[in-house]
Amino acid sequence: VPVFALCSPLGAARLCQLALGCAVIAMVTHTAGYSGSHGVFCMAAWCFCFAMSVLVFFLDATRLYSYLPVSWDNLTVTCAAFATLMYVTASVVYPLFFVQSECPYAGCDVRNFRIAVTVCSILGTLAYGAEVALCRARPGQIVTGYMATVSGLLKVVQGFVACIIFGALANRSQYSQYAGTIYCVVVYAFCFALTALVIIMTVCKRTKAVCCMPFDRFVVVCTLLEVLLYLSASVVWPVFCFDTKYGSPWRPSSCPQGKCPWDSKVVVAVFSFVNFGLYLADLIYSQRIRFVSSHRPSNSRA
7 VPVFALCSPL
17 GAARLCQLAL
27 GCAVIAMVTH
37 TAGYSGSHGV
47 FCMAAWCFCF
57 AMSVLVFFLD
67 ATRLYSYLPV
77 SWDNLTVTCA
87 AFATLMYVTA
97 SVVYPLFFVQ
107 SECPYAGCDV
117 RNFRIAVTVC
127 SILGTLAYGA
137 EVALCRARPG
147 QIVTGYMATV
157 SGLLKVVQGF
167 VACIIFGALA
177 NRSQYSQYAG
187 TIYCVVVYAF
197 CFALTALVII
207 MTVCKRTKAV
217 CCMPFDRFVV
227 VCTLLEVLLY
237 LSASVVWPVF
247 CFDTKYGSPW
257 RPSSCPQGKC
267 PWDSKVVVAV
277 FSFVNFGLYL
287 ADLIYSQRIR
297 FVSSHRPSNS
307 RA
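Throughout, this note's numbering is defined as the position within the sequence shown, counted from one, plus 6.
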């Protein structure tokens, strides 16, 4: 393995990711354990991120990535950003459902291992976040990859939030009751597809002119469209879910915990506003970059 792959700050961050991911998976399978859909999600997130880190580290150490038809800088920062979000979610979900102050029936060793899993998961979040921070484009720097910019990283967060929305929709949200809620689902799916398209095109180095316009202008147009669509969905969804004419503004007392459609509707509403804010911030940042770039000399790069 080349020395630079181990001794550089980026290499050290990736080694920490591998070590912490291996520790988490080993402790969960050995003693800590997991069960139910929440446990399966956490275990799947940790295993996926670990496998992704092994692949990235191997390709980077051997330089085999140069044979792949992808933009390596864009791909690695996208993977690191996505893994950070996955680890953050697992670091919240696992202790929420599996860590208790009292010792479970299996003994205190199980509780202690679960606490250790949570700590390692949090440290893993910091390790992936460190890679994002090391790769992120900074003001005055030549940008080697769009996904390393704030706008590119926001695209990853937007896609992740959309996945949370889809999960809530699939969990007894009863979105098919009204045409308005069906419209919102179409908006979520369309915006997610557009965001995924921009990410895939960037990673695959397909950033030439699109639809007779430069790629950066195409991204801005897509972001503007997504802002308008999410704005409409953020208004329509609460109306058809919480207005007394169509639904209930209060949680029904007879609704079972964890299987209540009202809870899923609240999750969708909250994360609709979150994604609207992310798309709006993305649009503002993209316009700011374009404005600054237009005042720079023609031989400089933004």
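All C-beta atoms in this analysis are idealised placements derived from N, C-alpha and C, irrespective of residue type, glycine included.
Asked                                                                                                                                                                                : Found
Hey, how far is the Cα of Val116 from the Cα of Met33?                                                                                                                               : 10 Å
Whose CA, out of Met219, Cys210 and Leu235, lies closest to the CA of Ala195?                                                                                                        : Leu235
Please report how far the alpha carbon of Phe10 lies from the alpha carbon of Thr84, in whole angstroms.                                                                             : With a pLDDT of only 48 at Phe10, under the threshold of 50, the placement of this residue in the model should not be trusted; the figure read from the coordinates follows. Roughly 21 Å separates the two Cα atoms.
In chain order, what residues of the same chain have a beta carbon less than 8 Å from the beta carbon of Val191, not counting five sequence neighbours either side?                  : Leu175 and Tyr181
Excluding the 5 residues flanking Ala239 on each side, which residues of the same chain have their C-beta closer than 6 Å to its C-beta?                                             : Cys190, Val193 and Ser278
Can you pull the DSSP bridge partners for Val216?                                                                                                                                    : Met219
Which full runs of the alpha helix (DSSP H) of 4+ residues lie inside the stretch 76-107, going along the chain?                                                                     : 78-104
What would DSSP say about Trp243, mapped onto helix, strand or coil?                                                                                                                 : helix
Which residue wins for smallest C-alpha separation from Glu108, given the options Val98, Val99 and Arg120?                                                                           : Arg120
Quick one: is Phe64 buried, meaning 16 or more other Cβ sit within 10 Å of its Cβ, or exposed?                                                                                       : exposed
Taking the alpha-carbon positions, what's the Ile171 to Leu231 distance?                                                                                                             : 19 Å
Might you give, ordered along the chain, the residues of its own chain that have their beta carbon closer than 7 Å to the beta carbon of Gln183, omitting 5 neighbours on each side? : none
Less than 8 Å between the CB atoms is what I'm expecting for Leu91 and Phe198, so what's the real figure, rounded?                                                                   : Incorrect: roughly 15 Å between the Cβ atoms, too far for contact.
Determine the burial state of Trp256: buried for a count of at least 16 other Cβ atoms within 10 Å of its Cβ, exposed for fewer.                                                     : exposed
Is the CB-CB distance between Asn80 and Val209 below 8 Å?                                                                                                                            : yes
DSSP on Asn177, reduced to helix/strand/coil?                                                                                                                                        : coil
Just the Cα atoms here: how many angstroms apart are Val99 and Cys218?                                                                                                               : 45 Å
Report buried or exposed for Ile205, applying the criterion of at least 16 other Cβ atoms within 10 angstroms of its Cβ.                                                             : buried
Given a threshold of 16 other Cβ atoms within 10 Å of its Cβ, counted over all protein chains shown, does Asp66 qualify as buried or as exposed?                                     : buried
Any idea if Gln23 is buried or exposed, counting beta-carbon neighbours within 10 angstroms, 16 or more meaning buried?                                                              : buried
In this structure, how does DSSP classify Arg120 when only helix, strand and coil are distinguished?                                                                                 : helix
Can you look up Gln263 in the DSSP assignment and give me helix, strand or coil?                                                                                                     : coil
From the DSSP output, in three-state form, read off Tyr252 for me.                                                                                                                   : coil
Using a Cβ-Cβ cutoff of less than 6 Å, which residues in the same chain neighbour Val104 once the five nearest sequence positions on both sides are dropped?                         : As written in the sequence, residue 104 is Phe, which differs from the Val given in the question. Excluding positions up to five away in sequence, the list reads Arg120.
If you reduce the DSSP assignment to three classes, tell me which class Arg257 lands in.                                                                                             : coil
For Met58, which residues of its own chain have a beta-carbon under 8 Å away from its beta-carbon, when the five flanking residues on both sides are left out?                       : Cys85 and Ala89
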